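Note that my numbering has the sequence shown beginning at 3, numbered continuously upward. Every residue, glycine too, gets a C-beta built ideally from N, C-alpha and C. On a predicted model such as this, the values are computed, not experimentally measured, just so you know. Some notes on the structure that comes next.
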Amino acid sequence: MTTIHAYAATKPGGPFELFDYDAGEVGPDDVEIQVESCGICHSDLSMLDNDWQITQFPFVGGHEVIGRVVALGSHTLGLAEGDLVGLGWTSRSCMHCDECLSGAQNLCRGAQGTITHQHGGFADRVRCHWGWANKIPEGVDAASAGPLLCGGVTVFSPLVQHGLSATARVGVVGIGGLGHMALQFCSAWGCEVTAISRGRSKEQEARKMGADHFVATEEDPKLQTQAGKFDLILNTTSAALPWDAYIAALAPGGVLHTVGAAAKVEASVSPMIMGQKSFSASPTGSIVTTRSMLDFAARHKIAPMTEVYSMSDINEAFEKLRNGSPRYRLVLTA
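What follows is the structure, given as structure tokens:
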């Protein structure tokens with residue numbers, strides 16, 4: 003049996019406090035990971051506040067884990083003790099349904115989340131099914147890689163999902179925790195990239211991350227200067243956008259894809275029909291997409307921009323996330 007030392011909140015919105023729990027025996031398909039660092043995602047804050055009414059307390063968050071394999075179940079494959087691995091939003095899936103067998107394990111109806119069905123990575127150790135422990139390739143900076151396992155694969159997946167061409171023109175809406183990684187991926191993919199933000203305060207950073215163009219919506223709220231331009235618009239915000247304006251900014255056959263959880267979408271159908279345009283969305287990513295994303299990040303030296311805190315300063319880090327403006331992801335180190 004393993005006693006895991008963690009940080010847990012005992013009530014919605016409460017502080018994280020030291021918390022020990024007995025994890026029991028390592029299951030036959032399980033991997034135990036010694037945590038070296040763990041990113042903080044906005045989903046951790048939503049879970050802490052019980053925004054989705056699914057949080058179980060005491061709550062141990064953390065689903066952007068980088069660490070070393072320290073224990074393996076008897077049925078695990080492809081891993082060895084000492085391997086550097088990453089664990090994201092999903093900790094296990096059934097591995098026998100149509101979705102899992104087709105390579106879309108993240109869409110498994112029986113999938114279990116790292117922080118929704120178990121205790122997460124704000125701890126010295128965390129467990130998952132061996133398939134969801136992704137090896138970190140050489141060339142990926144382990145200290146900042148945690149956010150790639152959630153935010154990174156979330157914005158990388160649409161490029162794979164839509165078979166994006168290297169000659170595509172892409173608009174990235176929102177230059178934040180997701181958007182700043184999307185700019186890097188789309189630029190390295192070979193696309194002509196336009197960063198779309200409310201104002202121009204992040205323009206220089208966006209251009210350094212790969213944006214060829216920059217649009218401030220406070221200057222052009224209906225995107226009239228961008229009409230008919232984009233093959234893909236990737237929305238990374240949860241804002242209520244002027245959806246018709248964004249659909250008008252698509253080229254014929256273009257796709258407006260959201261990974262930001264807007265409350266609802268209201269759009270006119272006729273322009274979509276006439277331009278053969280579409281709207282789509284996606285969650286994080288499958289096991290193979292995560293592996294491809296990590297290899298792509300290694301090859302093109304893509305890394306999240308992070309602010310680093312010690313795990314013992316977890317409450318200070320959450321205060322920064324709740325009331326500050328991180329640039330652009332927060333990472334806790336063990």
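Item, Value
"Enclosing beta strand (DSSP E) for residue 23 [first to last residue]", "18 to 24"
"Assigned exposure category for residue 54 - 16 Cβ within 10 Å defines buried", "exposed"
"Which of helix, strand or coil DSSP assigns to residue 220", "coil"
"Residue 173 beta carbon less than 7 Å from that of residue 232", "yes"
"Burial state of residue 210 (16 or more Cβ within 10 Å)", "exposed"
"Residues bridged to residue 237 [DSSP beta-bridge criterion]", "175 and 260"
"8 Å Cβ shell around residue 284 - same chain, five flanking residues per side excluded", "156, 159, 160, 163, 259 and 261"
"The ligand GTP heavy atom lying under 6 Å from the CB of residue 284", "Within the structure as shown, the ligand GTP is missing, as the structure has no ligands at all."
"Touching by the beta-carbon criterion (3+ pairs, under 8 Å), the segment 141 to 150 and the segment 206 to 224", "no"
"Straight-line Cα distance separating residue 277 from residue 39", "46 Å"
"Runs of beta strand (DSSP E) lying entirely within the segment 161 to 212, each at least 3 residues, in chain order", "171 to 175 and 194 to 199"
"Close Cβ partners of residue 318 (< 7 Å) along its chain, the five nearest in sequence each way excluded", "311"
"Residue from 65, 41, 49 and 168 with nearest C-alpha to residue 58", "49"
"Neighbourhood of residue 293 by C-beta distance below 7 Å, restricted to the same chain and skipping five residues each side", "136"
"Cutoff 7 Å; reference residue 122; Cβ partners in own chain excluding five residues on either side", "62, 63, 64, 65, 116 and 128"
"Contact under 7 Å by Cβ, residue 31 with residue 132", "yes"
"Inter-residue Cα distance where the pair is residue 6 and residue 46", "19 Å"
"Residue from 247, 113, 287 and 254 whose Cα sits closest to the Cα of residue 268", "247"
"For residue 67, the first and last residue of its enclosing beta strand (DSSP E)", "67 to 74"
"Option nearest residue 217 by Cα separation, candidates 196, 125 and 224", "196"
"Residue 42, DSSP secondary structure in three states", "strand"
"Residue 142 classed as buried or exposed, judged by whether at least 16 other C-beta atoms fall within 10 angstroms", "buried"
"Range covered by the alpha helix (DSSP H) that runs through residue 127", "Looking at the DSSP string, residue 127 is not in any alpha helix (DSSP H); the run it does join, the beta strand (DSSP E), is 127 to 131."
"Between the CA atoms of residue 222 and residue 290 - distance to the nearest angstrom", "39 Å"
"Residue burial classification, residue 186 (beta-carbon count within 10 angstroms, cutoff 16)", "buried"
"Identity of the residues DSSP links to residue 136 by a beta bridge", "88"
"Assumed close pair residue 189, residue 153 - CB separation to whole angstroms, cut-off 8 Å", "Not really, about 17 Å apart at Cβ, beyond 8 Å."
"For residue 282, the nearest candidate out of 335, 320 and 234 (CA to CA)", "234"
"Where the alpha helix (DSSP H) containing residue 370 begins and where it ends", "Here the chain has residues from 3 to 336 only, and residue 370 is not among them."
"Residue closest to residue 21, alpha-carbon to alpha-carbon, out of 36, 60 and 286", "60"
"Nearest to residue 73 (by Cα), restricted to the options 67, 36, 90 and 170", "36"
"Beta-carbon proximity check, residue 309 vs residue 334, cutoff 7 Å", "no"
"For residue 335: DSSP bridge partner residues", "39 and 312"
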